[in-house]
Every structure is written in C-alpha cells, then in structure tokens.
Amino acid sequence: MTWPKEGLIQDQPHDRFEARVFEVDGDGGPAGGEVAVFEAWRTDVDPEEDVPVFGPENDSNTAGRSSSFKRRGPVFSRAEGELWREEWIEPRDSSERVRGDDPLEPVFYVIDAAGTRESGLKLNDQDIGRYLWFDARVIPVLANRRGGGLRWYTADTGSVWCSPDDAVHFGVNGLGLINVYAYDVARLAQWQQRIWASHNVAPDGAVSAELLDAQMRTRPARTRAPEADLRSAMNELDATFKSSLGAPLFIVHEASEEIFRSAHRFRAADKDGIFALAKDVARLTADRIDVGVLQKIVVPPKGEKWGSLKSLEKLLATRLPPDEARAMVAPLVGIYELRLRDAHLPSSEINEAFALANVDPAARPLEQGRQLLESAVSALRAIFEALAPSDQAT
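Going by numbering that gives the first Met the number 0, the first residue of the sequence shown is number 0, and it counts up by one from there.
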C-alpha cells in the first residue's frame, strides 16, 4: 500500500483523523538519527541516612557526562493514527483534570518518623527531594486492577501501575517496605493517590539501596529479580525437551498467564502468603509437567506410581548420580509440599519443606517470597544445564 508522504488527513464536521507512516529502527527511534545521551547524578547521597531529603540540584551536588551515537541497523515502518472528536460536556463546579483545579480533599502522606503529614499538592514539586514508605501490599493492589501491571528492573526495584500510562518506579528496602520518590506519587491522579495513601506508613529502615542507585547515583544495580527469570527458565527447559524428545516438558494451561502474573514475592506479604505463593509456583512447575513424556524414557517398575517430580528425578538419574538428581529436584519438591499447608501438616513437616525449598522460616515475609522464587529458578536452570546438549548449556 502506498501512503502519501504528508500523511492521511480526514476532516468531518465533528471529527478529525490523521494517520502517517515513518521509518524507525529496531528500538522504535527515528531511523538513521543522531542520539545525544546526557547522564547526571547526585553526589550528596548518604547511604547511612535513614530519611534523606535532597535539595534542589546545583553544581555542588551533581555531576554528569554526555555522549552521542548514530542509530544503525535494519529499518522498519511504523504506522500510527489519531482521532479527535469534538463533544460538548457540561462543566462541573470543580475541574481537577481539565482546568487543573486543586482537589477538594487533598491526599496526605506521612513523611518522617515523627508522623508529620504533608499533602500531595505540596509534594508535587520536583525540588522536594523526599522518599515515601508504603506497606508492600500496595503493589498487588495496584497491579491487580484492570489495566494494572508489574515489571522488574533489578532484584529490588521495578515499576508498578494501575493505569497503563502511570507507571511508578519503586524499590524494596531491607525491612520489606516499598520506597517511592514522593513526586512520582504526588503527580498521579487523585484516585490513584488514594490507593497509595491507604498503604502509606511511617519511615522504617533506610531507603532501598538499589532505588537510590538508580535514581540518585544513576548507577542501576546489576542484579536480577527471580520473578523476571521464572518464565525464561521454564521456556529454556521446555525448548530442550522439545528438541530432544519432540514434546515440551510443560503442558500449556489456560490459567498459566494469570498465575505467572501473580507469582511474585508480594504474594507473601499477607498472612500465610508464602504458602499461596508456593501453590502458584507448584501450579506452574510440578502440576504442569507432562508425566507421559518423561515416562516414555523412564518407566516405573510394576506396582509403583511416580508423580511428576519423581519422574523428573528418575530422568535426571539417567544422566547424574541418583543423589545429585534427588538434590536437584529437591527445591521443587519442597515448594510442592509447602502448598499443602492447607492440609494442616505437622510443623515438623512444614519445617522440612522450608528446608528443601531453601526458604528461611524466620525471614521476613517478602524475603521468604524472594527466596522461594530464587530457589525455583535455580532448580529449573540446574535441570536445564544437566539435560541440555553441550552446545546449549551455559
């Protein structure tokens, strides 16, 4: 199809539609364009200060550098369009969104250990360099709303949103609380601020070190969250089985996507949440293993019935010593047994399941969630390394 160089424009009495096509590179930027990169960071970050307050930037508390490059690589075409519609809407007495009126009921946040409260109106200022603290349960409340989501950047930082255009950069501190730069929350719409404010708590523990690294030092940590690696670890293992056995290891289930979205450490923030998280991970791993594929290679002796994880262990034992195969599958077994918490297992069995899953029962809830996910990812990748052809293993 040939597009006019000036684009497509259609005018109607109350509508206007514009569409255009232009060349971009693989990252979506202008093809062949010059790019200037400017990097700046704060030099007055004190990691020992629990409740830091950063003043306006100036030459004495910032440093920076710049560079440039030219976009190269394959060229693609991007098509985009916009529609404007004129429609008369009767005004209200107060118009926060269109006219920019101040809200009738401002949202307030606790800003220090003394319980001092400040309004979102005042915090909506980039020169006020404060951080806020929130209960970790705010993350699933936001992410689980229609249009919400969660993305991980490093082991302890990511972004969360309850509206697609309003992602907020957050960090998890050493006590399992959520830190967010105050301006990032205060600039949101009032309905979103009310969700955040309902989980606001007084400062406790220092600001997330990885969040400060990213936002103030502009040196993001080179760590990874297990939540970001769970799916890829399973896909790698699936691909190995498909190439060697002609069928993937994991059965596709219609609920898998929803379970992946909920398989994060914040599931462990509620009472007994670690067991709910274990159930989700077990549903993604043990419950989806195709036993039939495994037992084409390792056939149970007559009179014995092997479950999915026992069958996987027996397959590994064709490549490894039996003790190593059992140890490799043990974390997944521990996670599977933790899901049985609802069956009122004796405490001794629960402690044994924690040990198999490499989860410290005395750790803080969010740390337990992270440990459980790290254990699952490590086990899946170890199994991949054991079963993958030498040219695929890393």
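Glycine included, each C-beta is placed from N, C-alpha and C at the ideal position.
Local conformation of residue i per DSSP, three classes
| i | result |
| --- | --- |
| residue 127 | coil |
| residue 304 | coil |
| residue 239 | helix |
| residue 200 | strand |
| residue 132 | strand |
| residue 207 | coil |
| residue 316 | coil |
| residue 87 | coil |
| residue 174 | coil |
Contact belief for residue i with residue j at Cβ below 8 Å, rounded distance in angstroms
| i | j | result |
| --- | --- | --- |
| residue 289 | residue 250 | 5 Å |
| residue 379 | residue 176 | Not a contact, Cβ separation roughly 30 Å. |
| residue 313 | residue 297 | 4 Å |
| residue 131 | residue 166 | Contact doesn't hold; Cβ gap of about 16 Å is too wide. |
| residue 262 | residue 283 | 6 Å |
| residue 78 | residue 23 | Not quite, the Cβ-Cβ distance comes to about 10 Å (not below 8 Å), so this is no contact. |
| residue 338 | residue 274 | 7 Å |
| residue 196 | residue 107 | 7 Å |
Element boundaries [beta strand (DSSP E), containing residue i]
| i | result |
| --- | --- |
| residue 77 | 75-84 |
| residue 295 | Element bounds for residue 295: n/a, residue is neither H nor E. |
| residue 68 | 61-69 |
| residue 178 | 177-180 |
| residue 148 | 148-151 |
| residue 118 | 116-118 |
| residue 249 | From DSSP, residue 249 is part of no beta strand (DSSP E); its letter is neither H nor E. |
| residue 109 | 107-109 |
Near the ligand GDP: residue i beta-carbon under 6 Å from a heavy atom
| i | result |
| --- | --- |
| residue 332 | Because no ligand of any kind appears in the structure shown, any question about the ligand GDP cannot be addressed here. |
Per DSSP, the bridge partner or partners of residue i
| i | result |
| --- | --- |
| residue 169 | 157 |
| residue 190 | Looking at the DSSP assignment, residue 190 forms no beta bridge with any residue, so it has no partner. |
| residue 35 | 67 |
| residue 288 | 249 |
Unbroken alpha helix (DSSP H) run spanning residue i, endpoints
| i | result |
| --- | --- |
| residue 335 | 321-337 |
| residue 93 | Note, residue 93: premise wrong, no alpha helix (DSSP H); not H, not E. |
| residue 372 | 364-386 |
| residue 143 | Residue 143 -> no alpha helix (DSSP H), and no H or E assigned at all. |
| residue 259 | 255-261 |
| residue 350 | 346-355 |
| residue 276 | 272-283 |
At 4 residues or longer, what runs of the alpha helix (DSSP H) sit wholly inside the segment 1-57? none
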